[in-house]
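This report concerns only the one structure given below.
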Amino acid sequence: MPLSEHEQRLFEQIERSLAEDPKFASAVRASDPRFHARRRLLVAAGVIIAGLALLVYGAVIKTPPLAVAGFVVMLASAAYAVQSHRRAQSPDLHVVGGTTSRRRPRGGRSGRRSSILDRMEDRWRQRPEGHR
(Lines of atoms letter the chains of each structure in order from A; the text may use other names.)
(Lines give C-alpha, C1' and ligand atoms only; values in the text may rest on other atoms or scores of the structure.)
Protein backbone atom coordinates (compact mmCIF):
# COMPACT_ATOMS: atom_id res chain seq x y z
CA MET A 1 0.00 0.00 0.00
CA PRO A 2 1.65 3.28 -1.08
CA LEU A 3 2.04 6.14 1.37
CA SER A 4 0.30 9.46 0.85
CA GLU A 5 2.45 12.55 0.20
CA HIS A 6 1.93 13.75 3.76
CA GLU A 7 2.94 10.36 5.20
CA GLN A 8 5.95 10.21 2.88
CA ARG A 9 7.12 13.68 4.05
CA LEU A 10 6.68 12.68 7.70
CA PHE A 11 8.57 9.45 7.10
CA GLU A 12 11.47 11.31 5.44
CA GLN A 13 11.55 13.85 8.27
CA ILE A 14 11.72 11.10 10.89
CA GLU A 15 14.39 9.30 8.88
CA ARG A 16 16.55 12.45 8.68
CA SER A 17 16.20 13.17 12.40
CA LEU A 18 17.13 9.59 13.31
CA ALA A 19 20.10 9.59 10.94
CA GLU A 20 21.46 12.75 12.57
CA ASP A 21 21.28 11.33 16.12
CA PRO A 22 24.61 9.57 16.87
CA LYS A 23 23.35 8.24 20.21
CA PHE A 24 20.44 6.49 18.50
CA ALA A 25 22.70 5.08 15.77
CA SER A 26 25.11 3.60 18.33
CA ALA A 27 22.22 2.12 20.33
CA VAL A 28 20.79 0.45 17.22
CA ARG A 29 24.19 -0.84 16.16
CA ALA A 30 24.88 -2.21 19.67
CA SER A 31 21.63 -4.20 19.65
CA ASP A 32 22.13 -5.61 16.14
CA PRO A 33 23.06 -9.32 16.34
CA ARG A 34 24.95 -9.08 13.03
CA PHE A 35 27.26 -6.47 14.58
CA HIS A 36 28.10 -8.85 17.43
CA ALA A 37 28.57 -11.77 15.05
CA ARG A 38 30.96 -9.71 12.92
CA ARG A 39 32.92 -8.73 16.02
CA ARG A 40 33.13 -12.38 17.14
CA LEU A 41 34.43 -13.35 13.68
CA LEU A 42 37.16 -10.71 13.88
CA VAL A 43 38.18 -11.85 17.38
CA ALA A 44 38.26 -15.47 16.20
CA ALA A 45 40.44 -14.50 13.22
CA GLY A 46 42.87 -12.76 15.55
CA VAL A 47 43.06 -15.77 17.86
CA ILE A 48 43.59 -18.08 14.86
CA ILE A 49 46.58 -15.95 13.84
CA ALA A 50 47.91 -16.06 17.42
CA GLY A 51 47.47 -19.87 17.44
CA LEU A 52 49.35 -20.13 14.16
CA ALA A 53 52.17 -18.03 15.59
CA LEU A 54 52.26 -20.26 18.66
CA LEU A 55 52.34 -23.37 16.46
CA VAL A 56 55.21 -22.03 14.34
CA TYR A 57 57.13 -20.83 17.40
CA GLY A 58 56.70 -24.24 19.06
CA ALA A 59 57.95 -25.95 15.89
CA VAL A 60 60.97 -23.63 15.55
CA ILE A 61 62.16 -24.08 19.13
CA LYS A 62 61.32 -27.80 18.90
CA THR A 63 58.79 -27.88 21.73
CA PRO A 64 55.96 -30.19 20.60
CA PRO A 65 53.55 -29.36 23.48
CA LEU A 66 53.71 -25.69 22.57
CA ALA A 67 53.08 -26.46 18.88
CA VAL A 68 50.16 -28.74 19.78
CA ALA A 69 48.72 -26.03 22.04
CA GLY A 70 48.92 -23.59 19.13
CA PHE A 71 47.09 -26.04 16.90
CA VAL A 72 44.37 -26.60 19.52
CA VAL A 73 43.93 -22.83 19.89
CA MET A 74 43.60 -22.50 16.11
CA LEU A 75 41.09 -25.34 15.93
CA ALA A 76 38.94 -23.98 18.76
CA SER A 77 38.95 -20.48 17.23
CA ALA A 78 38.00 -21.83 13.83
CA ALA A 79 35.06 -23.72 15.38
CA TYR A 80 34.00 -20.54 17.21
CA ALA A 81 34.21 -18.54 13.95
CA VAL A 82 32.12 -21.09 12.06
CA GLN A 83 29.50 -21.10 14.82
CA SER A 84 29.37 -17.28 14.81
CA HIS A 85 29.08 -17.22 11.03
CA ARG A 86 26.20 -19.71 11.09
CA ARG A 87 24.39 -17.65 13.72
CA ALA A 88 24.83 -14.50 11.63
CA GLN A 89 23.41 -16.25 8.56
CA SER A 90 20.44 -17.70 10.42
CA PRO A 91 17.16 -16.32 9.03
CA ASP A 92 15.34 -16.73 12.35
CA LEU A 93 17.60 -14.42 14.38
CA HIS A 94 15.54 -11.53 15.71
CA VAL A 95 16.16 -8.47 17.82
CA VAL A 96 13.40 -7.95 20.36
CA GLY A 97 14.05 -5.51 23.17
CA GLY A 98 17.80 -5.96 22.80
CA THR A 99 17.76 -9.75 23.16
CA THR A 100 18.10 -12.45 20.55
CA SER A 101 16.09 -15.61 20.19
CA ARG A 102 16.19 -18.61 17.93
CA ARG A 103 13.27 -20.64 16.71
CA ARG A 104 13.17 -24.16 18.15
CA PRO A 105 12.77 -27.09 15.75
CA ARG A 106 9.28 -28.57 15.63
CA GLY A 107 8.45 -32.02 16.88
CA GLY A 108 11.54 -32.43 19.05
CA ARG A 109 13.80 -32.84 16.02
CA SER A 110 17.18 -31.18 16.12
CA GLY A 111 20.14 -30.34 13.97
CA ARG A 112 20.53 -30.20 10.22
CA ARG A 113 17.94 -32.86 9.46
CA SER A 114 15.08 -30.83 10.94
CA SER A 115 16.00 -27.80 8.84
CA ILE A 116 15.95 -29.91 5.66
CA LEU A 117 12.62 -31.42 6.62
CA ASP A 118 11.22 -28.00 7.51
CA ARG A 119 12.27 -26.64 4.12
CA MET A 120 10.73 -29.60 2.32
CA GLU A 121 7.48 -29.14 4.26
CA ASP A 122 7.45 -25.43 3.40
CA ARG A 123 8.00 -26.17 -0.27
CA TRP A 124 5.20 -28.76 -0.19
CA ARG A 125 2.79 -26.22 1.32
CA GLN A 126 3.80 -23.51 -1.16
CA ARG A 127 3.55 -25.58 -4.34
CA PRO A 128 1.03 -24.46 -6.95
CA GLU A 129 -2.58 -25.55 -6.45
CA GLY A 130 -2.73 -27.55 -9.74
CA HIS A 131 -0.03 -30.05 -8.70
CA ARG A 132 -1.96 -31.68 -5.86
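Reading the sequence shown from the start, the letters are residues 1 to 132 in UniProt numbering.
Ideal Cβ positions, reconstructed from N, Cα and C, are used throughout, including at glycine.
These numbers were taken from a predicted model, which means no experiment stands behind them.
Three or more Cβ pairs closer than 8 Å define a contact, and the stretch 14–29 falls short of that threshold against the stretch 38–45.
Contact check for Val73 against Ala50 passes: the beta carbons are separated by less than 8 Å. Closest option to His36, judged by alpha-carbon separation, among Ser84, Gln126 and Asp122: Ser84.
Nearest to Gln89 by C-alpha distance, out of Pro2, Leu55, Pro33 and Phe71, is Pro33.
In the three-state reduction of the DSSP assignment, Ile61 falls in the coil class, being assigned neither a helical nor a strand state. Counting C-beta atoms within 10 angstroms of its own C-beta, Gly46 has fewer than 16 neighbours from the protein chains shown and is therefore classed as exposed. Per DSSP, Leu10 is one residue of the alpha helix (DSSP H) stretching across Glu5 to Ala19.
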